[in-house]
Amino acid sequence: MAAPGQKTPPQELLIHTPDGKTRTLPLNKDAVTLGRSSANDLCYPDDAGLSRQHLAVERSGAGWVVRDLGSKNGTMVNGTRINGPHTLAQTDRITAGHLMLEFSHTKPSARMDRTVVFLEGPGSVPTSTTTVAKDLAGVLSEEKGLKDRLQMRALVRAGGELAGHKSSLTELFDLIMGLSIEAVGAARGVLITIENGELMVRAAKGEGFRISSTVRDRVLNEGKSLLVRDARMDQALAERMSIVEQQVRSILAVPLQTDKGIIGLIYLDSPHFIHEFTEDDLNLLTMMSNIAAIRIEHARLAEVEQAERLLAKEMEQAAEIQRGLLPKQAPIIPGIDLAGYNSPCRTVGGDYYDFLPYPDGRVAILVADVAGKGMPAAMLMSNLQARVQVLFDDPTDLAALITRLNRIIAKNCPSNRFISLFAGIYDTKTGDMVYCNAGHNPPLLVRCSGGPVEELESTGVILGILPNAKFEQRTAHLNIGDVVVLFSDGVTEACGPDSDDQFGEERLGRVFTETVCSSAGEICAKVQQDLTDWMGSAPPADDITLVIARRTA
């Protein structure tokens, strides 16, 4: 909202976020800062590409500049990294982290009908014989109530129409605006709600509203309903030339108030040739706004519930699709007994496992864990599964294959995401497993003949961080009866309901040592049962994935 008398065109930032949404920020203060820290005007704590204090957009004379605040990853303007203050021109594009900010002029012609300017004035509250201030409790407790039968009818009608309203919030705001203007005979009005600490115009009849900040603050901060019978007679308002120029004479401003608080305001005014508002008008509008505020909250709740139902349905469909990407059952391959298990901690997850048999008797055994949880991790998991299906068509050189997979993932993976992966190619003819471990939990190799549990350590970094990283492959030999166990950290880091103690690799190793002579399916079931007993009523904090491979011949 522009300051009175500002000569330069008002400016704004269009902030484009990775989820495809755009937020408009009017530049109505001398500086705006952006970064991960909550001390910034624009705070994005989950954007790993931003520094705590990343950049500032500052007023400079009649224009604006952007300045990098010593950020780690730098600030780009139109694709070029800036080293000092950069004067912004129309449609300049600023890139910081995963955000893109577009600098532009506000377009008053497109926004004229919904423009509200709050005029700074004296700190004192308007007090004169022309001004009446009441709160909702005072209006409801007045003995005389509404004297006018027509006003009672208007209140009853408003209650009925608002209670029966079934359309969108946008249409509800328009309905409230129309009922309010009609009830008191106003010439024009505007309905404003508080959204995330900011005032948003939701409906308006008329244009170019210029409202005293004193009126705004008393309505929103004190919950007062204000009647100004004649703005020309109220010193605090008569001094505002803009109000005089608009020929505003009579004003009503009431809070949209529920039991939980104030969610906005309704402002109505009337020029000199329209009738003067009365105290009964104030009472009527105060009661109507209370009914309207409750209806708005109910409509919002209904929209949230509907959105949650749709999201739950979409998530369940996504979970069904993801389950289809994982093996329905382990393949039956002579010489090796296989079993797998996956349980996401949310509806969908970021863990992945697979078995890929080859005609020559070999089988690829894979387990991966995408950083994070929920839908973002699930999307990357499905992307990984698709690439593995293509690249593992010929796993002759496993190290070269994983090196190529890492290069592809690093090119397409967000900077705050990565993937750990273990891939082994087991040869049923020789008992050898050639493997690469890209930063994944080391699988455990349990010997049927006894001895200490062995670990198949990392042979390279996690995928998606260093595009030019190289990977090595190693070979582990399985004797008949030996078991290899692949797992995600959701297994070893599982905690009980009343303790931070983790299940741990040592306890996991003991389970396998005790069950090494059992089938792969029985071993897998035993681990699941032990995990369930360990966690008790505590929900899993991470996705759980387990793969068992036991040499049988």
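Under numbering that gives the first Met the number 0, read the sequence shown as residues 0 to 552, first letter to last.
Don't be surprised by glycine CBs; every beta carbon is placed ideally from N, CA and C.
Predicted model only: the values in this text are computed from it and were never measured.
Query: Contact check, Val183 vs Asp280, beta carbons under 8 Å; Result: yes
Query: Where Cys412 falls, given that 16 or more other Cβ within 10 Å makes a residue buried; Result: buried
Query: Strand pairing of Trp63, partner residues [DSSP]; Result: Arg58
Query: Local conformation of Met240 per DSSP, three classes; Result: Model confidence at Met240 stands at a pLDDT of 42, short of 50, so the residue's coordinates are unreliable and nothing is read from them.
Query: Secondary structure of Gln472, DSSP reduced to three states; Result: coil
Query: Start-to-end residues for the beta strand (DSSP E) that takes in Leu276; Result: Leu is not the amino acid found at residue 276; the sequence shown has Phe there. Counting along the chain, Phe276 falls outside any beta strand (DSSP E), and DSSP gives it neither H nor E.
Query: Beta-carbon proximity list for Met199, same chain, < 7 Å, skipping 5 on both sides; Result: Ile191 and Thr192
Query: Euclidean distance between Cα positions of Gly489 and Pro539; Result: 8 Å
Query: 8 Å Cβ cutoff met for Ala524 and Arg549; Result: no
Query: Selection from Arg506, Leu355, Phe276 and Arg22 that minimises the alpha carbon distance to Met99; Result: Arg22
Query: Helix, strand or coil at Pro326 [DSSP, three-state]; Result: coil
Query: Nearest-angstrom beta carbon gap, Leu530 and Phe502 [assumed within contact, 8 Å]; Result: 6 Å
Query: Between the CA atoms of Glu57 and Val64 - distance to the nearest angstrom; Result: 5 Å
Query: Whole-number beta carbon distance between Phe417 and Ala370, since they are thought to touch under 8 Å; Result: 5 Å
Query: Validate contact between the region 426-436 and the region 494-508 using beta carbons, cut 8 Å, 3 pairs; Result: no
Query: With 16 other Cβ atoms within 10 Å as the buried cut-off, status of Met111; Result: Its pLDDT being 44, under 50, Met111 is placed unreliably by the model, and the measurement read from it follows with that caveat. Exposed, because fewer than 16 other Cβ atoms sit within 10 Å of the Cβ of Met111.
Query: Beta-carbon separation (whole angstroms), Gly69 vs Thr86, contact threshold 8 Å; Result: No, Gly69 and Thr86 are not in contact; Cβ-Cβ is about 20 Å, not under 8 Å.
Query: Residues bridged to Cys42 [DSSP beta-bridge criterion]; Result: Gly34
Query: Status (buried if at least 16 other CB within 10 Å, exposed otherwise) for Val303; Result: exposed
Query: Minimum C-alpha distance to Met176 - residue among Asn467, Gly205 and Asp258; Result: Gly205
Query: Which of helix, strand or coil DSSP assigns to Thr512; Result: helix
Query: Residue nearest to Leu348 in terms of C-alpha spacing, selected from Lys372, Asp481, Phe208 and Leu355; Result: Here residue 348 is Gly; the residue named in the question, Leu, does not match the sequence. Closest by alpha carbon: Lys372.
Query: Where Cys435 sits in the DSSP three-state scheme; Result: strand
Query: Where Val389 falls: helix, strand or coil (DSSP); Result: helix
Query: Local Cβ density within 10 Å of Lys223, reported as buried at 16 or more and exposed below that; Result: buried
Query: Among Tyr357, Val445 and Gly459, the one whose alpha carbon lies nearest that of Ile401; Result: Gly459
Query: Rounded straight-line distance, which links the Cα of Ile81 to that of Ala1; Result: Low confidence applies to Ala1: its pLDDT is 40, below 50, so where it sits in the model is not reliable enough to give any reading.
Query: Contact under 8 Å by Cβ, Val218 with Leu225; Result: yes
Query: His439 and Asp368 closer than 8 Å at C-beta; Result: yes
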